[in-house]
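Only one structure is covered here, and it is reproduced in the block below.
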């Protein structure tokens with residue numbers, strides 16, 4: 001089953017360090033992840049506030065990865081490449097990243113292009129706590145998400161604005177949580 005990994009990273013509030021990070025990170029991500037087996041998707045974005053204004057200098061970076069299964073994620077976390085990557089990036093961040101894992105449906109990823117411009121990330125805890133989400137709840141939540149994506153796509157007036165969508169249920173420390181991610185080419189559409 002595919003595994004969605006969402007990594008939230010808070011850069012240090014230093015303008016010069018942020019410039020260095022912005023220049024360095026895309027190349028580092030490409031070199032570290034381009035040859036990873038079982039990695040299907042890698043996207044990087046910055047957190048945007050409720051008015052779609054980029055608060056780039058002060059807020060979190062979001063790294064979104066989709067692995068074919070847990071073995072791909074686990075082999076990377078245990079690899080020397082991860083240790084080197086982590087060591088080279090930590091000087092730029094205010095603390096350790098928040099790594100969240102979600103189990104995604106086999107057919108959960110619908111992608112039409114490689115690099116959407118805007119992501120809409122929604123996380124909720126339908127069961128409050130570590131309670132396992134029942135199969136019936138998973139089906140109902142998944143159906144609601146798919147209906148929302150279809151309504152959003154239709155409301156945008158264009159089938160071409162939605163690049164991809166996926167959803168999943170939390171694993172490990174995020175057990176019971178629901179995550180949904182949609183990638184859009186137009187921020188006006190993504191905010192509807």
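Residue numbers (UniProt numbering): 1 to 192.
Each residue gets a CB set at the ideal place from its N, CA and C atoms; glycine is no exception.
Source: prediction; values computed, not measured.
Mind checking residue 80: buried by the 16 CB within 10 Å criterion, or exposed? Residue 80 should be labelled exposed.
Where in the stretch 1-71 do unbroken runs of the alpha helix (DSSP H), each at least 4 residues long, occur, reported from the N-terminal end onward?
If we require 4 residues or more, the alpha helix (DSSP H) runs fully inside the stretch 1-71 come out as 15-33.
Once you ignore the five residues that flank residue 20 on each side, which residues in its own chain have a CB closer than 8 Å to its CB?
Same-chain partners within the cutoff: 92.
Going by the beta-carbon positions, is the gap between residue 78 and residue 39 smaller than 8 Å?
It is not a contact, given that the beta carbons lie outside the stated cut-off.
Between residue 23 and residue 29, what straight-line distance do the alpha-carbon atoms span, to the nearest angstrom? Taking the straight line from one Cα to the other gives about 11 Å.
Exposure label - residue 13; buried when at least 16 CB within 10 Å
The residue is exposed, with fewer than 16 neighbouring Cβ atoms inside 10 Å.
key: Beta-carbon proximity check, residue 61 vs residue 42, cutoff 8 Å   = When the beta-carbon positions are compared, residue 61 and residue 42 stay at least 8 Å from each other.
Is the separation between the beta-carbon of residue 83 and that of residue 11 shorter than 8 Å?
No; because the gap between Cβ atoms is not below 8 Å, this pair is not in contact.
Are the beta-carbon atoms belonging to residue 4 and residue 66 less than 8 Å from one another? If you check the CB distance, residue 4 and residue 66 come in under 8 Å.
Practice item. Starting from the C-beta of residue 88, find all residues in its chain whose C-beta is less than 7 Å away, skip the five residues before and the five after it, and write them out in chain order. Key: Residues 28 of the same chain have their beta carbon placed closer than 7 Å to that of residue 88, with the five preceding and five following residues left out of the count.
- Identify every residue that forms a DSSP beta bridge with residue 98. BP columns for residue 98 point to 8.
By how many angstroms is the C-alpha of residue 35 removed from the C-alpha of residue 26? One C-alpha to the other measures close to 15 Å.
Worksheet entry | Proximity to residue 76 [Cα-Cα], best of 135, 33 and 15 | Of the candidates 135, 33 and 15, the residue whose Cα lies closest to the Cα of residue 76 is 33.
Item checked: Those residues which DSSP pairs with residue 93 across a bridge -> Bridge partners of residue 93: 11.
Original post:
Can you round the beta-carbon distance between residue 7 and residue 141 to whole angstroms, since I take them to be within the 8 Å contact cut?
Top reply: About 23 Å separates the two Cβ atoms, so there is no contact after all.
ask   = Are the Cβ atoms of residue 97 and residue 1 separated by less than 8 Å?
value = With respect to residue 1, residue 97 sits apart: the two C-beta atoms are not nearer than 8 Å.
Could you say which of 31, 18, 154 and 104 lies nearest to residue 139 if we only look at CA atoms? Among 31, 18, 154 and 104, the Cα nearest to that of residue 139 belongs to 104.
- prompt: Apart from the five residues just before and just after residue 85, which ones in its own chain have a Cβ nearer than 8 Å to its Cβ?
  reply: When the five nearest sequence neighbours on each side are left out, the beta carbons in the same chain lying within less than 8 Å of the beta carbon of residue 85 are those of 28 and 32, in order along the chain.
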